[in-house]
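Q:
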Amino acid sequence: MATAPHWFIAATIPAGRFSAVPGTNDTHALRVSHLSKRYGGVVAVRDASFEVEPGEIFGIIGPNGSGKTTTVECLQGLRDPDQGELSVLGLDPRTQGSALRNRIGSQLQESALPDRIRVWEALDLFGALSPRSRSWASLARDWDIYEKRNSAFASLSGGQRQRLFIALALVNDPELVFLDEMTTGLDPAARRLAWDLVRAVRERGTTVVLVTHFMDEAEALCDRIAVFRQGDVVAVDTPAGLIERVAAGSTVTFTAADSDLPWLAEVPGVDEVSREGTRFAVAGSGPLLAHVASALVARGIAPLDLDTRRATLEDAFMELSGGDDAA
Amino acid sequence: MSTLVKLTWVETKLFVREPLAVIFSFAFPIFVLFILSGVFGTELDRGDEEEVRIWRGVTPNNYYLPAYVGLTMAAIGLITLPLRLASYREEGVLRRFRAAGVPVASIIGSQALVALGMAVIGSIAMVVVARIGYGTELPQLWPETIAAFALSALMFAAIGVFLGSLLPTARTAQGAGLIAFFVMMFISGAGPPRETLTGAMQTLSEVLPLTHVVILLQDAWLGFGWDLPAMLVVVATGVVATAASVRFFRWE
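Protein sequences, first through last, are from chains Y and D.
Just so we're aligned: 115 in this note's numbering is position 115 of the first sequence, and the numbers increase by one with no gaps anywhere.
Just so we're aligned: 339 in this note's numbering is position 12 of the second sequence, and the numbers increase by one with no gaps anywhere.
1) Relative to the C-alpha of residue 509(D), which residue among 577(D), 451(D) and 395(D) is closest?
2) By the criterion of Cβ-Cβ separation under 7 Å, what are the contact partners of residue 334(D) in chain Y?
3) Let me make sure I understand the geometry here. Which of 29(Y), 46(Y), 65(Y) and 112(Y) has the alpha-carbon closest to that of residue 76(Y)?
4) DSSP state of residue 579(D), grouped into three classes?
5) How is residue 23(Y) classed by DSSP in three states: helix, strand or coil?
6) For residue 546(D), which three-state DSSP category applies?
7) Establish whether the CB of residue 157(Y) and some CB of chain D are separated by less than 7 Å.
8) To which residues does DSSP link residue 107(Y) through a beta bridge?
9) By a C-beta neighbour count over all protein chains shown, 10 Å radius and 16 as the cutoff for buried, is residue 579(D) buried or exposed?
10) Among all the DSSP beta bridges, which residues are the ones paired with residue 37(Y)?
11) Based on Cα-Cα distance, which residue from 145(Y), 147(Y), 131(Y) and 156(Y) lies nearest to residue 173(Y)?
12) Can you give me, in chain order, the residues of the region 412–434 of chain D that have a beta carbon less than 8 Å from any beta carbon in chain Y?
13) Under 8 Å Cβ-Cβ, which residues of chain D neighbour residue 110(Y)?
14) With DSSP collapsed to three states, give me the class of residue 313(Y).
15) What's the call for residue 162(Y), buried or exposed, on a 16-neighbour Cβ count within 10 Å?
16) Can you give me the start and stop residues for the beta strand (DSSP E) that residue 276(Y) sits inside?
17) Verify the CB distance criterion: does residue 86(Y) have a CB-CB separation below 7 Å to chain D?
18) Do residue 170(Y) and residue 105(Y) have their C-beta atoms closer together than 7 Å?
19) Using CA coordinates, which residue listed in 269(Y), 133(Y) and 315(Y) is at the minimum distance from residue 294(Y)?
20) State buried or exposed for residue 377(D), treating a residue as buried only when at least 16 other CB atoms are found within 10 Å of its CB.
21) Measure from the C-beta of residue 19(Y) to each C-beta in chain D and report whether the shortest distance is under 7 Å.
22) Can you look up residue 83(Y) in the DSSP assignment and give me helix, strand or coil?
23) Starting from the beta carbon of residue 117(Y), find every residue of chain D whose beta carbon is closer than 7 Å, and list them in chain order.
24) For the candidate residues 552(D), 514(D) and 480(D), whose alpha-carbon lies nearest to that of residue 408(D)?
25) To the nearest angstrom, how far is it from the Cα of residue 330(D) to the Cα of residue 487(D)?
26) When you compare the region 413–433 of chain D with the region 458–473 of chain D, are there three or more beta-carbon pairs, one atom per stretch, that lie closer than 8 Å?
27) Judging by CA-CA distance, which residue of 158(Y), 316(Y), 128(Y) and 137(Y) is the nearest neighbour of residue 111(Y)?
28) With burial defined as no fewer than 16 other Cβ atoms inside 10 Å of the residue's Cβ, what is the status of residue 179(Y): buried or exposed?
29) I need the straight-line Cα distance from residue 68(Y) to residue 228(Y), nearest angstrom please.
30) Using a Cβ-Cβ cut-off of less than 8 Å, give me the residues of the region 479–510 of chain D that come near chain Y, in sequence order.
31) Using three-state DSSP, classify residue 94(Y) as helix, strand or coil.
32) Output, in sequence order along the chain, the residues in the region 312–324 of chain Y whose CB is closer than 7 Å to any CB in chain D.
33) Which term fits residue 85(Y), buried or exposed, when burial requires 16 or more other beta carbons within 10 angstroms of its beta carbon?
34) Where residue 272(Y) and residue 309(Y) are concerned, what is the direct C-alpha to C-alpha distance, given to the nearest angstrom?
35) Quick check: what's the CA-CA separation for residue 224(Y) versus residue 102(Y)?
36) Got a sec: is the Cβ-Cβ distance from residue 577(D) to anything in chain Y below 7 Å?
Here's what the structure looks like:
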């Protein structure tokens, strides 16, 4: 399958597939307002609110037990929320769950198929649930399980099962798909393949809600991300926006024999210089690496290990989700 | 509807791919019937009033065939079906089905249809074996036998769905199913003839659904007629089990 660059995909979302839901002004693909859910005395989700726009890849990240899965289960009508309003494709998952399930796709954590069902049988069976289903063979080829079509579910590897589940989630050509820990159990190559395919799914106009533990995945795929922490939504922003919140700027590091480089503080953009032995760390903002490099070279210093580090989504996540238990 | 048909077809294939389920549902009752028919024989001493009473006036092999047709249904309804539904719940298959929008009626309906189909196939195989092995008679009253068969098979399918809905795990379903199956097998007429049971055993056997299934099937098969009280018990049990399944069904 073709892998178009990110900007291309964003520009080619078919217009009109998500026209306003009849009878309402709701143009969101999905809306959560003030969702709360508790299990016994344990609060799973507390007053969560966010919206997902049509054609977005929307990420939900957070440590284990922070309410991500509960939220998407409520959105699919698999659990009843205690409080709050939910709207998915203009439908209420609580009362219109069966109508909704024909229009959404769902890849769940902790689900399975009968041990002896064959790959093609599962795709064919789930395809029979919707009149507009894709042919199972093309889907199986997309997700690289076609050669396993006659294998029993129990004989599949973890990665093959995961790919089958994603294919099953897409078999009814959904308008919106929930992918809960989609790439767990996939090897690095299969993860990259899955990312390309998710972009291609969005290219066809499907909104994607992606629950993930992997920050690189969220950063690479998601247009916007909701960060969960102990049942609260602590931030909803673009990956860049989230990074900006916790750490603007970058740090340049290098090794130099000179014991002191006082002129570094004068380089444009530099805020702070620290040194440990011969190892320097220069924190600042703007095109810091270019300025520092040029200043070093001008003084005849050309360190081999000159490097720069910008804050990543992982840094932002650790800060926002506030825990070492973060995945 | 197409979901029900497709799911029933898939479930049929899955059933056939489980060797243990096939053995238990088909081979085990046939095997025991074959032994009992051999041990108790194909003759009845008409002069011995006690023996005539015990065997309801027919030869032992004829006495046992309808009882084992009932036992085949019991094996499917008490063991195979609850185990399947409970495993589906435990492993997350039901969760997967639900998220995909598979209607609960299709899940339960496909299980009931597979149970019915397997009971038909198992019974035909049993009749063939009994006929070839011991010259056992075919049903005397065909319409009554077919009606009795259908009602009984549906009742055990309903009990199977009920147990599969009620019992949370595959382990509990298997344990409970096996206990219920063997208790019924031994005192509902598929073990020693009911006339030879002690008073307490007979009383207990009165409350077991297989007893009434055996009576209903035997009466039609052997030409004694249509046993209305037995039919009422079978129908009532089926209705209650169906209502209870709807009440207790759990996706996860």
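Glycine is no exception: its CB is placed at the ideal position from the N, C-alpha and C atoms.
Predicted model only: the values in this text are computed from it and were never measured.
A: According to the data block:
1) Looking up residue 509(D) in the second sequence gives position 182. It is 395(D).
2) Counted from its first residue, the second sequence places residue 334(D) at position 7. The contacting residues are 125.
3) Looking up residue 76(Y) in the first sequence gives position 76. Closest option to residue 76(Y), Cα to Cα, is 29(Y).
4) By 1-based counting over the second sequence, the position of residue 579(D) is 252. Three-state result, residue 579(D): coil.
5) Residue 23(Y) sits at position 23 when you count from the first residue of the first sequence. In this prediction, residue 23(Y) scores a pLDDT of 46, lower than 50, which makes its location untrustworthy; no coordinate-derived value is stated.
6) By one-based count along the second sequence, residue 546(D) stands at place 219. It is helical.
7) Counting from 1 along the first sequence, the entry for residue 157(Y) is found at position 157. Not one chain D Cβ lies under 7 Å of residue 157(Y).
8) For the purposes of this step, residue 107(Y) is taken as residue 107 along the first sequence, with counting starting at 1. DSSP lists 179(Y) as partners of residue 107(Y).
9) Taking the second sequence and counting its residues from 1, one reaches residue 579(D) at position 252. With fewer than 16 Cβ atoms within 10 Å of its Cβ, residue 579(D) is classed as exposed.
10) Locating residue 37(Y) in the first sequence gives position 37, where the first residue counts as 1. According to DSSP, which records beta bridges pairwise, residue 37(Y) is partnered with 45(Y).
11) As a first step, residue 173(Y) is located in the first sequence; it is residue number 173 there, counting from the start. Among 145(Y), 147(Y), 131(Y) and 156(Y), the Cα nearest to that of residue 173(Y) is on 131(Y).
12) 415, 418, 419, 420, 422, 423, 425, 426, 427, 428, 429 and 430
13) Stepping through the first sequence from its first residue, residue 110(Y) is reached at position 110. What residue 110(Y) touches in chain D: 419 and 422.
14) Here the question's residue 313(Y) lines up with position 313 in the first sequence. Here residue 313(Y) sits in helix by DSSP.
15) If you number the first sequence from 1, residue 162(Y) lands on position 162. It counts as buried.
16) Here residue 276(Y) corresponds to residue number 276 of the first sequence, with the count starting at 1. Note, residue 276(Y): beta strand (DSSP E), 270–276.
17) As a first step, residue 86(Y) must be located in the first sequence, where it is residue number 86. No, its Cβ sits nowhere closer than 7 Å to a Cβ of chain D.
18) Here residue 170(Y) is taken as the residue at index 170 of the first sequence, counted from 1. Here residue 105(Y) is taken as the residue at index 105 of the first sequence, counted from 1. Closer than 7 Å, so yes.
19) In the first sequence, the residue the question calls residue 294(Y) occupies position 294. Nearest C-alpha to residue 294(Y): 269(Y).
20) The residue given as residue 377(D) occupies position 50 in the second sequence. With fewer than 16 Cβ atoms within 10 Å of its Cβ, residue 377(D) is classed as exposed.
21) For the purposes of this step, residue 19(Y) is identified with residue 19 of the first sequence, where counting begins at 1. Below a pLDDT of 50, predicted positions are generally treated as unreliable, and residue 19(Y), at 42, falls in that range; the measurement from the model is reported next regardless. Output row for residue 19(Y): interface = no.
22) The residue given as residue 83(Y) occupies position 83 in the first sequence. If DSSP states are grouped into helix, strand and coil, residue 83(Y) belongs with the strands.
23) In the first sequence, the residue the question calls residue 117(Y) occupies position 117. Simply 337 and 341.
24) The count along the second sequence starts at 1 and reaches residue 408(D) at position 81. Ranking the options by Cα distance to residue 408(D), first place goes to 480(D).
25) What you label residue 330(D) is simply residue 3 of the second sequence in a count that begins at 1. What you label residue 487(D) is simply residue 160 of the second sequence in a count that begins at 1. So the alpha carbons of these two residues sit roughly 21 Å apart.
26) no
27) For the purposes of this step, residue 111(Y) is identified with residue 111 of the first sequence, where counting begins at 1. Nearest option by C-alpha distance: 158(Y).
28) Start at 1 with the first residue of the first sequence, and residue 179(Y) comes out as number 179. That one is buried.
29) On the first sequence, residue 68(Y) is found 68 positions in, with the first residue counted as 1. On the first sequence, residue 228(Y) is found 228 positions in, with the first residue counted as 1. For residue 68(Y) and residue 228(Y), the distance between alpha carbons rounds to 7 Å.
30) none
31) On the first sequence, position 94 is the one that residue 94(Y) refers to. Reduced to three states, the DSSP call for residue 94(Y) is coil.
32) none
33) Your numbering for residue 85(Y) matches position 85 in the first sequence. Its Cβ having fewer than 16 others within 10 Å, residue 85(Y) is exposed.
34) Here the question's residue 272(Y) lines up with position 272 in the first sequence. Here the question's residue 309(Y) lines up with position 309 in the first sequence. In a straight line, the C-alpha of residue 272(Y) is about 15 Å away from that of residue 309(Y).
35) Locating residue 224(Y) in the first sequence gives position 224, counting from the first residue. Locating residue 102(Y) in the first sequence gives position 102, counting from the first residue. So the two alpha carbons sit approximately 26 Å from each other.
36) One-based indexing of the second sequence puts residue 577(D) at position 250. So no, residue 577(D) is outside the interface.
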